[in-house]
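For the sequence shown, counting from 1, position 110 maps to 109 in numbering that gives the first Met the number 0; every step adds exactly one. Idealized CB from N, CA, C, for every residue including glycine. Computed from a predicted structure; not experimentally measured. Working notes, beginning with the structure itself.
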Amino acid sequence: MTARIREFLKQRTNDGPCLVLDLDVVRENYQNFARALPDTKVFYAVKANPAPEILKLLVGLGCCFDVASLAETEAVLAAGAPPERISYGNTIKKEREIATAFKLGVTLFAVDCEAEVEKVARAARGSRVICRIHCDGSGAEWPLSRKFGCEPVYAADILEFAHKQGLIPHGVSFHVGSQQHNIEAWDRALASTAAVFRACAERGIALTTVNLGGGFPARYVRKTPKLESYGKAIFRSLRKHFGNAVPETIVEPGRGLVGNAGMIEAEVVLIAKRSPEDEVRWVYLDIGKFHGLAETIDESIRYPIRTAKDRDETAPCIIAGPTCDSVDVLYEKTPYPLPVSLAIGDKVLIEAAGAYTATYSSVGFNGYPPLRQYVI
Ligand SMILES: *Cc1c(COP(=O)(O)O)cnc(C)c1O
0 MTARIREFLK
10 QRTNDGPCLV
20 LDLDVVRENY
30 QNFARALPDT
40 KVFYAVKANP
50 APEILKLLVG
60 LGCCFDVASL
70 AETEAVLAAG
80 APPERISYGN
90 TIKKEREIAT
100 AFKLGVTLFA
110 VDCEAEVEKV
120 ARAARGSRVI
130 CRIHCDGSGA
140 EWPLSRKFGC
150 EPVYAADILE
160 FAHKQGLIPH
170 GVSFHVGSQQ
180 HNIEAWDRAL
190 ASTAAVFRAC
200 AERGIALTTV
210 NLGGGFPARY
220 VRKTPKLESY
230 GKAIFRSLRK
240 HFGNAVPETI
250 VEPGRGLVGN
260 AGMIEAEVVL
270 IAKRSPEDEV
280 RWVYLDIGKF
290 HGLAETIDES
300 IRYPIRTAKD
310 RDETAPCIIA
320 GPTCDSVDVL
330 YEKTPYPLPV
340 SLAIGDKVLI
350 EAAGAYTATY
360 SSVGFNGYPP
370 LRQYVI
């Protein structure tokens, strides 16, 4: 927890769980990316946390933006970014959304099939397109699976089709899966990418850009490699697969830029045992899967949870949210050690909660309001 967040929480009088996010940490993270991946443009994946304060800060630092929708496009423009700094990275767009984004000045779009190319060709004439290739996501705690990206061998066909439709084939993108622990995960994708570059060159199409996606981790319970190691591994792979002709590169960090900048303060609502001799207690918080902690699905993301009693003896707990829905359990398969002295009404701090939380909160399931966020 940063000193600023600690101060803020001391002053806070409002009831209910909240997320507090420290902009100083986002700034530091941005600078770390610039250092670890020199000559690589950073496009912030807005979906991780679209708070206007974060967007404004990043605009001022010279950051570019990866948007998933029209609303995110508008938010980035409202924060003061020129449209040239936007990449519309979602491969699933309505044609009228593409048309509106193009009218707003956006000229870079991701595609992963010919039908999407046709939409972009009609709605955003002459734009640049990046073809997304499929990545298996192994090594990631939050894999992005088979939903996105063509098989790499078809990418050259799709980019050639784009060229014939009057678009500018710009490059190749992929995403190695979010919260990626393996620093070598980019290597295989870069081998495929280099093959696409060669196949396009043979057809007279010169690609210029590789979009390395996101995947850079935030520090949760499990230790993660340093950003610097990711940068080194990626550049080793670029040189290995592209030789002297290393293309322009961009990255799209979401979690890596904002994850560790935010922390949730929540409260223990109930502690129960299902039988007197039960060793495992059920600890119910006033926040769960429906109000910001959706990434605990399958216990994928294991947040560090702190209490004021952490020096006391601990015992395993099942942690659950407050709603009347049995999927609203955060950690059960692997119980979570919490202090034996933990009591109803105690505050708990959920760390590294700056990414994929506030916007994952439902609008009012069970009558609980969406997670409140304070950006300081
Ligand atoms: C979600 C997403 C990102 C951000 O991923 P992180 O793992 O949070 O860094 C980047 N690019 C695309 C296309 C995405 O969908």
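May I have the straight-line CA-CA distance separating residue i from residue j, to the nearest angstrom?
i      : j      : result
VAL75  : PHE101 : 14 Å
GLY15  : LEU348 : 13 Å
LEU36  : PHE42  : 12 Å
LEU54  : VAL374 : 11 Å
SER325 : GLU331 : 12 Å
ASP156 : ILE167 : 14 Å
LYS92  : GLY165 : 19 Å
GLU227 : VAL362 : 38 Å
ALA154 : GLY242 : 21 Å
GLY124 : ARG218 : The sequence as given places Arg at residue 124; Gly does not occur at that position. ARG124 and ARG218: Cα-Cα distance of roughly 42 Å.
LEU370 : ILE296 : 18 Å
LEU69  : THR106 : 13 Å
ILE233 : LYS40  : 14 Å
ALA212 : LYS272 : It should be pointed out that residue 212 corresponds to Gly in this sequence rather than to Ala. Their backbone Cα atoms lie some 45 Å apart in a straight line.
ALA314 : LYS288 : 23 Å
VAL58  : LEU341 : 43 Å
ILE318 : ILE286 : 10 Å
ASN181 : PHE160 : 34 Å
LEU189 : HIS290 : 37 Å
GLY176 : ASP135 : 8 Å
MET382 : LEU20  : Since the first residue of the chain shown is 0 and the last is 375, residue 382 is not available in this structure.
GLY203 : SER126 : 18 Å
ALA47  : PRO252 : 9 Å
ALA293 : ALA198 : 40 Å
PHE147 : PRO368 : 32 Å
PRO336 : ASP23  : 31 Å
ILE343 : GLY366 : 21 Å
ALA307 : ASN13  : 20 Å
VAL339 : LEU329 : 19 Å
ILE206 : ASP111 : For clarity, residue 206 is Leu in the given sequence; the question names Ile instead. Looking at the two C-alpha atoms, the distance is approximately 16 Å.
GLU83  : GLY104 : 7 Å
GLU27  : TYR87  : 25 Å
PRO49  : LEU60  : 16 Å
ILE4   : CYS63  : 27 Å
CYS316 : ASP277 : 11 Å
ARG95  : ALA122 : 7 Å
ARG34  : TYR229 : 12 Å
THR192 : SER236 : 11 Å
ARG238 : ALA184 : 15 Å
ARG187 : PHE32  : 22 Å
Which partner residues of residue i appear in the DSSP bridge assignment?
i      : result
ALA319 : TYR283 and VAL328
LYS92  : LYS92 is not bridged to any residue.
LYS40  : ILE249
ASP65  : ALA44 and SER86
GLN372 : LEU18
GLU346 : The sequence shown places Lys at residue 346, rather than the Glu named in the question. GLU266, per the DSSP bridge assignment.
ILE304 : ILE349
TYR335 : CYS316
If contacts are defined as beta-carbon pairs under 8 Å, then residue i and residue j qualify, I think. What distance do you get, rounded to the angstrom?
i      : j      : result
LEU284 : GLU264 : At roughly 11 Å, the Cβ-Cβ gap does not stay under 8 Å, so LEU284 and GLU264 are not in contact.
HIS133 : ARG145 : 7 Å
PHE215 : GLY255 : 3 Å
LEU18  : ALA351 : Contact doesn't hold; Cβ gap of about 11 Å is too wide.
GLU150 : THR208 : The pair is not a contact, with the Cβ atoms about 20 Å apart (cut-off 8 Å).
ILE85  : VAL66  : 6 Å
ALA260 : VAL25  : 5 Å
LEU258 : ALA354 : In the sequence as presented, Leu is not what sits at residue 258; that position holds Gly. Contact flag correct, Cβ pair sits at about 4 Å.
THR90  : ALA109 : 5 Å
ILE129 : ASN210 : 6 Å
PRO51  : ALA80  : In fact, because the Cβ distance is near 12 Å, the residues do not count as touching under 8 Å.
Say the cut is 7 Å; is the CB of residue i nearer than that to a heavy atom of ligand 2?
i      : result
GLY213 : Among the ligands modelled here, namely ligand 1, ligand 2 does not occur.
- Please go through the segment 138 to 223 and give each complete alpha helix (DSSP H) segment of 4 or more residues, from N-terminal end onward. 151 to 163 and 184 to 201
- Message: Tell me whether the segment 293 to 303 and the segment 132 to 151 touch, counting them as touching only if at least three CB pairs, one residue from each stretch, are closer than 8 Å.
- Response: yes
- Uninterrupted beta strand (DSSP E) stretches inside the segment 214 to 278 (no shorter than 3 residues): 247 to 250 and 261 to 271
- Stretch-stretch touch, CB-based, cutoff 8 Å, three pairs: the segment 229 to 243 with the segment 310 to 323: no
- Tell me the start and end of each unbroken beta strand (DSSP E) in the segment 98 to 137 that is at least 3 residues and wholly inside, in chain order. Here the runs fully enclosed are 107 to 110 and 127 to 131.
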